[in-house]
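In the numbering used here, the protein residues as written are -10 to 270.
Glycine is no exception: its CB is placed at the ideal position from the N, C-alpha and C atoms.
Since the model is a prediction, treat every value here as computed from it, not as a measurement.
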Amino acid sequence: GKQTGMMMMQIEDIVTEQKPDAILVYGDTNSTLAGALVGAKLHIPVFHIEAGLRSYNKSMPEEINRVLADHVSDMFFIPSETARKNLENEGIYDNIFNVGDVMYDMILLAKKNGLLKSNKKSDYYYVTLHRPYNVDDKNRLKELLNLLNSLDKKAVFSIHPRTRNKMKNFGLNIEDYKNIMFIDPVSYFDNINFIYNSTGLITDSGGMQKEAYWLKKKCVTVRSETEWIETLENGWNHLAFDDLNTIPDLIKLEPGTYFENIYGDGKAAEKIKTKIIEFFK
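Next comes the structure, spelled out in structure tokens:
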């Protein structure tokens, strides 16, 4: 709460000075909510990119942020028809536009510009874990590390500083996990290349579930739910939460049919620009 409040104060100073015609917010971070609330309080139109997503898990800060941001927004750029249904279930019907996902724009841009580098010799699972319910409990974190260490392929673990600190505090030594290659967090394009060259992804991230899908890599999400429910269809993504022992088997499952445009056609940014221009005409 304190972080969001501090951001609101600073955003309001900028908005008061710059006098924008609208405030464009993206996603579900604390800054998303801060910007949306400032716009609502100052009677400035708020446009929300990636609106309408719901995990229905209010213990996640992101869920609180996205719900509140939606309910003070004036225009909603959604990535899927599921998002539209979520908004309509909450009484929001107007100014909803299915533009697709801007992250898909980025994946296609990376492909077009040769930023995806194929490594045919790679044979590993890519891993990221950072959410409190996975890393704040010593026994659960230890169980996850033991499972990763027992996988049939090397696990390349891009370890969040928060996760690294928890391991240190719990006395869990990196050297004890011979099948896990721990690496520091990487850049966006390095990250998608790690996914692209992997056999599969194990993560508790939101966005990386989509990236794995677009790169046609199977995924196991270490959560009890996902806001990206379309990725669950035909077995491209699997949830593993209560029974972590399912992870080694789930990551080996072969996915079914790939549906090309479940999150748009890769022209989300262009469509958003067009709708914003139309709004002010």
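DSSP, reduced to helix, strand and coil, places ILE12 within a strand of the structure shown. Between GLY28 and LEU76 a beta carbon distance of about 18 Å is seen, past the 8 Å cut, so the two are scored as non-contacting. For the stretch 182 to 261, the continuous alpha helix (DSSP H) assignments of 4+ residues that do not extend past its boundaries occur at 196 to 203, 236 to 239, in sequence order. When the Cα atoms are used, MET95 and LEU105 turn out to be separated by approximately 11 Å.
Burial of MET92 is indicated by the presence of at least 16 other C-beta atoms within 10 angstroms of its C-beta. Given a length threshold of 4 residues, each whole run of the alpha helix (DSSP H) inside the stretch 13 to 85 is given here in chain order: 19 to 30, 50 to 60, 70 to 78.
Judged by DSSP secondary structure, PHE171 falls within the beta strand (DSSP E) whose first and last residues are 169 to 172. Separation of GLY80 and VAL88 (C-alpha to C-alpha, rounded to the nearest whole angstrom) is 20 Å.
In this structure THR263 is exposed. Its beta-carbon is surrounded by fewer than 16 other beta-carbon atoms within 10 angstroms.
Sixteen is the threshold: since fewer than 16 other Cβ atoms of the shown chains lie within 10 Å of the Cβ of TYR45, the residue is exposed. With a threshold of 16 other beta carbon atoms within 10 Å, GLY103 falls short and is exposed. With the rule of 3 Cβ pairs closer than 8 Å, the stretch 148 to 165 counts as touching the stretch 120 to 130. Pairing ILE236 with ILE184 gives a Cβ-Cβ distance that is not under 8 Å. A Cβ-Cβ contact shorter than 8 Å links PRO34 with ALA11. Take the alpha-carbon of PHE86 and the one of THR117: they are about 32 Å apart.
The three-state reading of DSSP puts TYR177 in helix, counting H, G and I together.
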